[in-house]
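Following: one structure in C-alpha cells, then a few remarks.
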Amino acid sequence: MYAAMLVLTLMAIALGWLLAIAHHYLKGEPDAIEEEVNRALPGTNCGQCGYPGCAAGASMVAAGELPLDFCPPGGRALAEELARITGRPLTYGAQCCGPRLIAKVVDEELCSGCLKCIKVCPTDAIVGAPNQIHGVLPEACSGCTACIDVCPTATLKMVPESVTLANWRWPRPNEVLDHAT
Amino acid sequence: MLLSKPKLIRGGVRTDARKHPTSGCPIEPVPLPPRLYVSLAQHIGAPALPQVAVGDSVAQGQLIGAPDAGISAAVHAPTSGTVIAIDHHPAPHPSGLPVQSVVIAPDGHKRWDPNLPKPLTGPVPQLDRETIAERVAAAGIVGMGGAAFPSALKLSTDGSVNTLILNGGECEPYLTCDDRLMRERAAGIIDGARLMAHALGAERIAIGIEDNKPEAIFAMQRAAESLGGGAEVLPVPSLWPQGSEKHLIYSLTGHEVPAGALAADIGLVVHNVGTAYAVHRAIRHGIPLISRPVTVGGGAVREPQNFEAPIGTPFSYLIEQAGGLHCEPARILAGGPMMGQVVPIEAALAKGTNGVIALTAAEIREPAGLPCIRCGRCVEACPMGLMPFEIANRAAADDLDGAAEQGLGDCLSCGSCAYVCPSSRPLVQLFHYARGRRADNAAAKQRAELQKRLAEQRQERQRLAAEAKKRAAAERRKRRAAQKQKEESET
Ligand code: SF4
Ligand code: SF4
C-alpha cells in the first residue's frame, strides 16, 4: 500500500511540475485578450450583462464564460468585433440584430423635468434643465436603461432608433446561401 | 490629350436598349399637377433649410430651401402658389422613407419671382468666372444624370482642370430624355458647356455621345461648329456602362482614374449634358433649376413620353399624363433599369431623376438566387476588373472585410454582372447589403468611441467632485478642531 501511495504522490508531483512548466511556457495571452475586449466594450458600466461593470464582463468573455453577444448596448457590431478578438465563432442571439434600442421621452406631457435621469445617465446623453422637458441625444445613448428605472412618471421608454435616410440599409437579399462556402 | 478614336472599355454588356418607344417623343411640358412635393433633400449632402412657412405664397423660382453648410444645394419653388405644408413625403429612394418636403398648391399663374438674378449676356470669355460658379450654386443646380451632386462644387476656379467632359452617354435602357435634349436644345447645351469650361479655366470641351444616337451627335456637332470655342463631339461605342464617369474618361482620353482618386486629380471634370443645359438657363435666362426633362416609360405605361416636368411632380401624376398604366407594374423605378432605384409611386420628381420607368413582370428578371456555377461570366462583364462572384460570396457569408478586400469599394453597382449571371444571383443587392453593413459597423464604432469618451469624462467629473467634497469635509473638520482648541485655550 505504501508503494502505491508513493507512486501516486511522485506521479502527482511530477505531473504537477510538468503542468507548471507548460503553464509557464504555453501561456496564451488571456490578459492581452481581456484587455482588448475591455477596450472594445462600451465602458459605460451599465450592468446589463449581469456583471458589475465592463471590466468584469470582459474577463468573463475572455475566459469564454459569456457568449459574444452578451453586451446589449454593443449590439451586433460589438459581437463581431469580439469574435475577431477572441477567435471564437459567432452565433447570433436574439438581441444581436435589428434596430438599436435607445431611451426616449415618449410622452412629453408626462416629463416633469425632475433631472433624475440626467443624474444616472453614464454617457450624459440626456439634456434638460429643471422643470423643462428632457430629451435624449440618440448618438450618445448607449441603451443601458439606467434612466428607465428612475423615471418617476415612467415616460422614458426604450424604443427602436428611428430609421432615416442616413441609417437605412439594404436588407440581405434572399439567396440560396449554401453555395457561399 | 483626347484620343482620335475612342478606346473600348473593358468588360461591360450590350444591353437591350429599348429606347424606341420614346426616342421619337419630343420633350413636352407637362401640365401643372394639383400638388408639388418639393423635397429639401434631393441632392447629395445635407438637406436644404426651409425658407418658407406654411401659408406663405411663393413665386416661381423663389428660394424655398437654402443650402446648409458643407455639401448642400439650394431649392426653389417650381411654380407660383401657396405652401400648404412642410411635411414628410416618401423619398424617391428604395426605402420609401419620408423626407422633409415643401408641399405647394400651384395657383396656375406661373408668376415669376421679381428678385431673380439678371441674365448675363455677352460672349462667354468676357464673363467673370467666379460669377458663373456663384450663379450655378444660387440656381441650385445638381448633377442631372442621376448623381445629384451639387454642380457648383465641381466648378472650382483654381485652374487645375484642363478638360471639361460632357456626358451624353445615356446608356441606360429606356431613357431618352438626354438624347432628346441634345437633339432639341443643342445650342443651349454647348453654351452651358462653354460657360462651365470658362469658369473652370478648361481649354477643351469633349462631349461623349453613344453612337446609337446619330441625330443627337449630328445636332451637337452642328451647334458646336456654329458656336465655336473648342467643343468636340466624339461618338463612343454603345456599351453599358459607357456613361460611368471613369469609363467615359477612359474612352475619350485613354487615362484611367486611379482607384480612390477623383477625375479632377488628373485634370478632368465630367458633367452631364442636362446639367450643361441647366447652367445655360441659369446664366443666360436667370432661371434656377425648377424643372427637368424626364422619360416616362416602361412596358406598363400606355403612352411612353418625354416630359419637361416641374421638380416635385408626383410620379403617379407623370404616369397618368403618359396615358396611365395598362397593367399592374411589377416595379416602378426612378432612373433606368440597370442602376435605377425601386421607388414608391407616391414619391415625387427630384432634380436627379432622369426616368420614371414602370416595368411589367415580363420585363424584369427577379433574382432567383440559384447557386453560383462559377461560369465566370460576371468576371468577364465587370468593367472594373473585379470578381463579382467572389465579392458576393463573401457578402453572403457576412465576411465584410473579405468583400472589401475583393474590391467592394471599387464596384460601381453598374449591374453588368447581375445582367449576365445565368443563375440570376442578386449580386448587386449583396453588394448593397455588404456596404450597408460596413457603414453600420463604422457608425457603431464611431458611436462607441463617442460614448466611451462621454463615460470617461463623466467618471472623471464625478471623481473630481468627490475629491473636492472630501477636501471640503477635511477642511471643515480642521477648522472645527482649531476652533475647539481655541475655545479650550480660552476657557
Ligand atoms: S462587380 Fe460592380 S462594377 Fe463589376 S460588374 Fe458587378 S456591379 Fe458592375
Ligand atoms: S455569372 Fe453568376 S453563376 Fe457565373 S460565376 Fe458569376 S455569379 Fe457565378
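Heads up: the protein sequence lines correspond to chains A and B, in order.
The numbering of the first sequence is this note's numbering, which starts it at 1018 and goes up by one.
The numbering of the second sequence is this note's numbering, which starts it at 196 and goes up by one.
From the three backbone atoms N, C-alpha and C, an ideal C-beta is built for every residue, glycine too.
The C-beta of B:Pro583 comes no closer than 8 Å to any C-beta of chain A. For a Cβ distance threshold of 7 Å, residue set Ala643, Gln646 and Lys647 of chain B lies close to A:Pro1059, ordered along the chain. Residues of the segment 226 to 253 of chain B with a Cβ closer than 8 Å to any Cβ of chain A, in chain order: Ala236. At a cut-off of 8 Å between beta carbons, B:Arg653 contacts chain A. In terms of side-chain proximity, the C-beta atom of B:Gly571 is found nearer than 7 Å to a non-hydrogen atom of ligand 2. A contact between stretches requires three or more CB pairs, one per stretch, nearer than 8 Å, and the segment 372 to 379 of chain B meets this requirement with the segment 457 to 469 of chain B. Between the C-alpha atoms of B:Thr358 and B:His442 there is a straight-line separation of about 16 Å. Residue burial is scored here from C-beta neighbours: B:Trp435 has at least 16 other C-beta atoms within 10 angstroms and is therefore classed as buried. Below the 7 Å Cβ cutoff, chain B contributes no neighbours of A:Leu1085, its closest Cβ being approximately 14 Å away. Between the segment 344 to 353 of chain B and the segment 551 to 561 of chain B, the count of Cβ pairs shorter than 8 Å is below three; the stretches do not touch. Here B:Pro273 is not near B:Val538, since their CB atoms are 8 Å or more apart. Within the chosen limit of 7 Å, ligand 1 does not reach the beta carbon of B:Met415 with any heavy atom.
Burial state of B:Lys679 is exposed, judged by a 10 Å Cβ sphere holding fewer than 16 other Cβ atoms.
Contact annotation: in the segment 1178 to 1190 of chain A, residues whose CB is within less than 8 Å of a CB in chain B are Val1180, Thr1181, Leu1182, Asn1184, Trp1185, Arg1186, Trp1187, Pro1188, Arg1189 and Pro1190.
CA-CA distance, A:Thr1172 to A:Ser1129, rounds to 10 Å. The Cβ of A:Gly1092 sits closer than 8 Å to at least one Cβ of chain B. For chain A, the residues of the segment 262 to 286 of chain B that bring a beta carbon within less than 8 Å of one of its beta carbons are Ala286, in chain order.
For A:Arg1117, the closest C-alpha among the options A:Gly1074, A:Glu1156 and A:Ala1037 is that of A:Glu1156.
Under the three-pair Cβ rule at 8 Å, the segment 394 to 413 of chain B does not count as touching the segment 245 to 254 of chain B. The Cβ-Cβ distance between B:Leu544 and B:Gly507 falls below 8 Å.
In this structure, the beta-carbon distance from B:Cys366 to B:Gly449 does not fall below 8 Å.
Set against 7 Å, the gap from the CB of B:Arg560 to the closest heavy atom of ligand 2 is not smaller. Nearest to A:Glu1125 by alpha-carbon distance, out of A:Ala1142, A:Val1153, A:Ala1100 and A:Arg1105, is A:Val1153. Put simply, the CB of B:Gly530 is far from chain A, with every gap to its CB atoms at 8 Å or more. Close to B:His288, with beta-carbon spacing below 7 Å, are these residues of chain A in chain order: Leu1182. At least 8 Å separates the CB of B:Tyr614 from every CB of chain A. A contact is defined here as three or more CB-CB pairs under 8 Å, and the segment 552 to 571 of chain B fails this definition with respect to the segment 388 to 402 of chain B.
A Cβ of chain B is located within less than 8 Å of the beta carbon of A:Ala1157. Taking each of B:Leu231, B:Ile360 and B:Ala591 in turn and checking the Cα distance to B:Asp302, the smallest one comes out for B:Leu231. Cβ proximity to chain A below 8 Å picks out Arg620, Pro621, Gln624, Leu625, His627, Tyr628, Arg630, Gly631, Arg632, Ala634 and Asp635 from the segment 606 to 635 of chain B. By the Cβ neighbour-count rule, B:Asn588 is buried, with 16 or more other Cβ atoms within 10 Å of its own. Remark: C-beta atoms of A:Gly1060 and B:Glu329 do not approach each other more closely than 8 Å. Between ligand 1 and the CB of B:Cys577, the shortest heavy atom gap is smaller than 7 Å. Inter-residue distance for B:Ala590 and A:Pro1147 is about 49 Å (C-alpha atoms, whole angstroms).
The beta carbon of B:Ala638 sits closer than 8 Å to some beta carbon of chain A.
For B:Gly256, the number of other beta carbons within 10 angstroms of its own is at least 16, and it is reported as buried.
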